[in-house]
């Protein structure tokens with residue numbers, strides 16, 4: 001599975017919001033698994049899921065530019081990245097986002113030689129630690145190249161996420177030896193816009 005991460009610096013938030021709803025056309029596109037997003041710190045953050053590279057490329061070549069034209073002039077800058085799915089957090093990123101209020105995004109640059117340890121601690125420390133917290137609805141870890149990782153976690157309410165930060169994050173960070181793995185990390189907390197959510201057709205994993 002592919003995870004696409006898009007950041008837009010909107011110049012007209014109302015018009016951008018309206019244009020974003022045009023991506024409802026994604027529903028039913030072969031290989032499309034779902035898309036959601038909302039407003040982060042000064043930017044719109046959108047993340048989409050695709051079953052495989054071939055179907056994603058077919059969409060980009062056939063339909064992407066036509067849909068994207070509906071948002072022309074509503075943003076000053078856009079950045080899009082595509083990552084390979086590496087592992088799920090809990091039951092994976094939830095297909096049904098009706099009970100999800102926010103998504104935490106962490107963009108991690110891992111030191112060379114520390115990739116295996118970083119992934120192992122995701123499995124042995126972060127995954128069980130996060131899924132034990134009330135209100136954590138699942139997530140995904142994805143990778144681009146050798147050292148770049150994207151971690152998305154979905155939360156039922158802002159209070160659930162804040163409780164995790166206040167009561168659990170510090171201990172998990174220390175157990176995971178995070179500072180020894182990471183060369184850099186940036187993040188955002190995204191308040192989901194329900195009108196931006198597009199459900200896809202579930203595709204069995206091979």
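In full-length UniProt numbering, the protein residues as written are 1 to 206.
Glycine included, every Cβ here is placed at the ideal spot set by N, Cα and C.
All values derive from a computational prediction rather than experimental measurement.
Helix, strand or coil at residue i [DSSP, three-state]
i, result
"residue 27", "coil"
"residue 148", "strand"
"residue 59", "helix"
"residue 174", "helix"
"residue 65", "helix"
"residue 19", "helix"
"residue 195", "helix"
"residue 159", "helix"
"residue 12", "coil"
"residue 41", "coil"
"residue 188", "strand"
Proximal residues to residue i (C-beta, below 6 Å), its chain only, five neighbours per side dropped
i, result
"residue 38", "190, 191, 192 and 193"
"residue 41", "188"
"residue 82", "2 and 4"
"residue 104", "153 and 189"
Sub-8 Å separation of residue i and residue j beta-carbons
i, j, result
"residue 172", "residue 129", "yes"
"residue 138", "residue 94", "yes"
"residue 15", "residue 74", "yes"
"residue 5", "residue 165", "no"
"residue 89", "residue 141", "yes"
Contact set for residue i: own chain, Cβ-Cβ below 8 Å, skip 5 residues either direction
i, result
"residue 125", "172, 175 and 176"
"residue 22", "67, 70 and 71"
"residue 31", "50, 51, 52, 54, 55, 56, 58, 59 and 203"
Neighbourhood of residue i by C-beta, 7 Å cutoff - its chain only, sequence neighbours within 5 removed
i, result
"residue 156", "99, 100, 101, 135 and 137"
"residue 198", "23, 24, 26, 27, 34 and 35"
Residue i Cβ short of 7 Å to the ligand COA heavy atom set
i, result
"residue 145", "This structure lacks the ligand COA; in fact it carries no ligand of any kind."
### Message
Can you confirm whether the stretch 9-18 touches the stretch 175-191 when touching is taken to mean that 3 or more C-beta pairs between the two stretches lie within less than 8 Å?
### Response
no
### Task
Only counting runs of 4 or more residues, tell me where the alpha helix (DSSP H) segments fall wholly within the stretch 59-130, in order along the chain.
Here the runs fully enclosed are 65-68 and 115-121.
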